[in-house]
Each structure stands twice: as C-alpha cells, then as structure tokens.
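Read through the structure below, which is laid out as structure tokens, and then see the notes.
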Amino acid sequence: MKDELTELVPSLRKFAYSLTGSIHDADDLLQNTLERLLSKPIPEQVTLMAWAFRVCRNCWIDEYRAKKVRANASDALAYEAQSASQLNMDEAVTQSITLKQVSSAMDELPYEQRETLSLIAVQGMSYADASEVLQVPAGTIMSRLARARTKISNLLNGQKEVLS
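Mapping of the sequence shown onto full-length UniProt numbering: residues 1 to 164, in sequence order.
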C-alpha cells in the first residue's frame, strides 16, 4: 500500500493545491491526508486512489470549516497575505496574465464545480473516477464540469453570467 500511496502523492499534491490555492496550505493538507491514510485501514470495496482523494477532500472540508469558526484570525491572515503579495510584486509581474485570469476565474467557481474541474482537467481523472472520489453520479460530474467550463469561459471573456 505504501508504494501505491507514494505514486499517488504528486496527484494528491496537485489536487490539494487546487482546493487550497496556496502551495503552503496544499503541503499541509497533503501531510494531513497522508497521516490519515496511514493511520486508518482502507474500506474493502474502495480503490486506494478514490479513497486517497476522498480523504484529501474531507481533510480540506474540515480545515475550511475550522477557518470559518476562527473568523477573527482570518482577518489577520488576510492582512499578512496582502503584505506578502506586495513584497513579491516583482515576482507577480513576471507571471503570465492568462494564468492569473484562469486562477481568478477558478476562485469564482462554487466549491463543487472547482473540485470537479480540478479532478477532471488538472488531475486527468475519468468521469467514473471523479464520480467515485466525490461520491456523486457520473451525470452530476458532467453537469458540474459543463457549468464550470461555461462560467470560466464567460469570466475570461468578460461576459455576465446567465446561470449559476
């Protein structure tokens, strides 16, 4: 199992980054995910890949909820992030404008669409695998993906959104 898990680490890290939007938070999320995976047995009827992504997602949800509870602390973190972004202005200028626009557009997506788009487009998972990870029907995966792609396209082209 540890060998299979080692092969999944790069994909899990990308998925964690797509959920958190921060490389540091993604690394923390990956560590929490790996700790949980190694401390608990895998259910019998589930593949390791699906289980690993599901655990990662659940860890992120737990952390997201905890951050909401600590609202006062998040204000301080936002100020620190803004200060850090100003210090790294030279680095930010060198980044591609298109990459910034896509990242910003992805941030505008609802959580379900963002995680679906991440699994399919970034991780390259099949609809069936994403369906298993998110525990929703494949049709729901296709619907979320279509809505996410439409919304990103509209945001990148400066169009007003018709449907949510």
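Here a beta-carbon is modelled for each residue, glycine too, at the ideal position from N, C-alpha and C.
Exclusion of the five residues before and after Y17 leaves I23 and A26 as the residues of its chain whose Cβ lies within less than 7 Å of its Cβ.
For G158, the secondary structure class from DSSP, reduced to helix, strand or coil, is coil.
When the Cα atoms are used, E35 and C56 turn out to be separated by approximately 10 Å. Residue burial is scored here from C-beta neighbours: A128 has fewer than 16 other C-beta atoms within 10 angstroms and is therefore classed as exposed. Bounds of the alpha helix (DSSP H) holding Q113 are Y111 to L117. Distance from the Cα of Q123 is smallest, within the candidate group T140, V9 and N58, for V9.
Ranking A52, P43 and V102 by CA distance to the CA of Q31 puts A52 first.
Fewer than three Cβ pairs drawn from the segment 59-66 and the segment 40-50 lie within less than 8 Å of each other, which leaves the two stretches out of contact. For the alpha helix (DSSP H) assignment, the uninterrupted runs of no fewer than 4 residues enclosed by the segment 11-73 are, from N- to C-terminal side, 23-39 and 48-69. Under the 10 Å beta carbon count, L117 is surrounded by 16 or more other beta carbons and is classified as buried.
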